[in-house]
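Report on the structure given below.
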Amino acid sequence: MSVNYFMQILKNHNLKPYTSFGVDAYATQFVTVTTLSELKLALQIPAPQRLILGGGSNLLFCDDFDGLVIRICLTGIAVNESADDVVCLHVSAGENWHEFVEWTLTQGYDGLENLALIPGVVGAAPVQNIGAYGVEFKDVCDYVDVLDIETLTVQRYAPAECQFGYRDSVFKGELKDSAVITAVGIKLHKPWIAKINYGPLASLGDGASALAIFKQVCLTRQQKLPDPNKLGNAGSFFKNPIINLTQFNAIVAKHPNIPHYPAGDDIKLAAGWLIDQCHLKGYRQGGAQVHTEQALVIVNTGSATAGDIIALAKHIQTTVMARFAIELHHEVRFMGRDGETNLAEVCRG
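2 is the number of the first residue of the sequence shown in this note's numbering; add one for each residue after it.
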């Protein structure tokens, strides 16, 4: 087929620079796209399978990838509407999320400050329904634009159609292999209402500005989480488990100080606390290590292989299950030679 001459298709390309874990893995084919037209062309390149890659901050390549990796670098921010009570922004999928949050504050658009310093690109935000300090992406989502892989037409999804859940959405499920996110719509309301009832933000007080919240969130995240540019990691490796009240009552009887939060009719536990109670901080498997300050993070100390990270994750999961009878599920996406996989499948193989 004819391919736009601006697009260079790389063969057997090392993916290490494009993921925050920084482990070696090779793609049969690799291409970077910067426009919607290039994306449409890239999707027509013959390949046994395709992977859409954004910032690579929540992804572990468990093996080489036998297919085409399309790296999304679509950029651009537009103000669709600005009124006394609302501002609506149209943001391309390849924009860096944290830099976008910073930009909104410089423009006087408050409301995203709690989501500061989350790694990755804007296009990944709806996939994971990213969240922090009491705010989730779904709270500010106006729409999500996706390119249908078969028809190569752009379709707009309203928030209800996105099926947002805890670190979940329709883009991780039903639409995982049939659509590519190209842009999102963000709606921020005026007057702005601070959300400071979570963790260290509570100390800021009711008069806290959006900038003060932004700075506190950045400071807290920098203190708790290692910089992936210095120590390879994908942030929180496991999801915080959600259990029913019966399970919680059984656990709290043995562990009365267990941190917990309401999650509808259920209870959310802190996965990091569970791991820490198993005395796993600093535990190593080859070049992979449980971070010494934040037990929820697995780091690449410099020489880790995907196998090291997988073995360590399995050890954590098994140890927590043995002590608390709770199964941890990984938040990090696992990508195998033939497509997306998971910890259980990789360990069976």
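No residue lacks a Cβ here, since even glycine has one placed at the ideal position from N, Cα and C.
Between residue i and residue j, is the Cβ-Cβ spacing less than 7 Å?
{"i": "Ser38", "j": "Ala184", "result": "no"}
{"i": "Asn55", "j": "Tyr19", "result": "The residue you asked about is not Asn; residue 55 is Gly in the sequence shown. No; because the gap between Cβ atoms is not below 7 Å, this pair is not in contact."}
{"i": "Ser21", "j": "Pro201", "result": "no"}
{"i": "Ala26", "j": "Leu40", "result": "no"}
{"i": "Asp309", "j": "Gly283", "result": "no"}
{"i": "Val123", "j": "Glu82", "result": "no"}
{"i": "Gly337", "j": "Cys63", "result": "yes"}
{"i": "Ile187", "j": "Val128", "result": "no"}
{"i": "Ala314", "j": "Leu344", "result": "yes"}
{"i": "Pro227", "j": "His331", "result": "no"}
For residue i, I'd like the list of residues in its chain whose CB is within less than 6 Å of its CB, leaving aside the five on either flank, ordered along the chain.
{"i": "Asp146", "result": "Val155, Arg157, Thr183, Ala184"}
{"i": "Ile78", "result": "Val92"}
{"i": "Ile131", "result": "Ile119, Phe138"}
{"i": "Phe165", "result": "Asn130, Lys139"}
{"i": "His14", "result": "Ala28, Phe31"}
{"i": "Asp111", "result": "Trp193, Ala211"}
{"i": "Ile311", "result": "Val347"}
{"i": "Gln318", "result": "Leu329"}
Grab me the residues of residue i's own chain with a C-beta within less than 7 Å of its C-beta, minus the 5 sequence neighbours each way, in chain order.
{"i": "Glu103", "result": "none"}
{"i": "Leu297", "result": "Ser237, Phe238, Phe239, Ala272, Gly273, Ile276"}
{"i": "Val219", "result": "Looking at the sequence itself, residue 219 is Cys, so the reference to Val does not match. Contacts found: Ala117, Leu118."}
{"i": "Asn245", "result": "Asp267"}
{"i": "Ser304", "result": "Gly288"}
{"i": "Trp98", "result": "Ile119, Gly121, Val122, Val123, Ala126"}
{"i": "Val321", "result": "Leu275, Ile276, Cys279, Ile327, Leu329"}
{"i": "Ala159", "result": "Tyr144"}
For residue i, which three-state DSSP category applies?
{"i": "Phe66", "result": "strand"}
{"i": "Met369", "result": "The shown model of the chain, from 2 to 350, leaves out residue 369, and the question about it has no answer."}
{"i": "Cys348", "result": "helix"}
{"i": "Gly174", "result": "coil"}
{"i": "Ala219", "result": "Note on residue identity: the sequence assigns Cys, not Ala, to residue 219. Correct three-state label for Cys219: helix."}
{"i": "Gln30", "result": "strand"}
{"i": "Asn343", "result": "coil"}
{"i": "Leu40", "result": "helix"}
{"i": "Ile351", "result": "Residue numbering for the chain in the displayed model covers 2 to 350; residue 351 lies beyond these limits and cannot be assessed."}
{"i": "Ser3", "result": "With a pLDDT of 48 at Ser3, under the threshold of 50, the modelled position of that residue is not reliable, and no figure is offered here."}
{"i": "Gly77", "result": "coil"}
{"i": "Ala213", "result": "helix"}
{"i": "Lys17", "result": "helix"}
{"i": "Ser204", "result": "helix"}
{"i": "Val321", "result": "helix"}
{"i": "Ile311", "result": "helix"}
{"i": "Lys231", "result": "coil"}
{"i": "Lys188", "result": "strand"}
So what does residue i bridge to, in DSSP terms?
{"i": "Ile327", "result": "None; Ile327 has no bridge partner."}
{"i": "Leu60", "result": "Arg334"}
{"i": "Phe239", "result": "His331"}
{"i": "Phe249", "result": "Per DSSP, none; premise fails for Phe249."}
{"i": "Gln156", "result": "Val147"}
{"i": "Ile182", "result": "Val147"}
{"i": "Leu11", "result": "Phe31"}
Taking 8 Å as the limit between beta carbons, can you name the residues of its chain near residue i, skipping five residues before and five after?
{"i": "Tyr6", "result": "Any reading at Tyr6 needs caution, since the residue's pLDDT is 49, under 50, leaving its predicted position unreliable; the model's value is listed next. Answer for Tyr6: no residue qualifies."}
{"i": "Asp149", "result": "Val155, Gln156, Ser179, Ala180"}
### Message
For a minimum of 3 consecutive residues, which ranges assigned as the beta strand (DSSP E) are wholly contained in the region 254-308?
### Response
261-264, 267-270, 289-291, 298-301
### Task
At 4 residues or longer, and completely inside the region 89-139: list those alpha helix (DSSP H) runs for me, N to C.
Taking only runs of at least 4 residues, the alpha helix (DSSP H) segments lying wholly in the region 89-139 are 98-107, 125-129.
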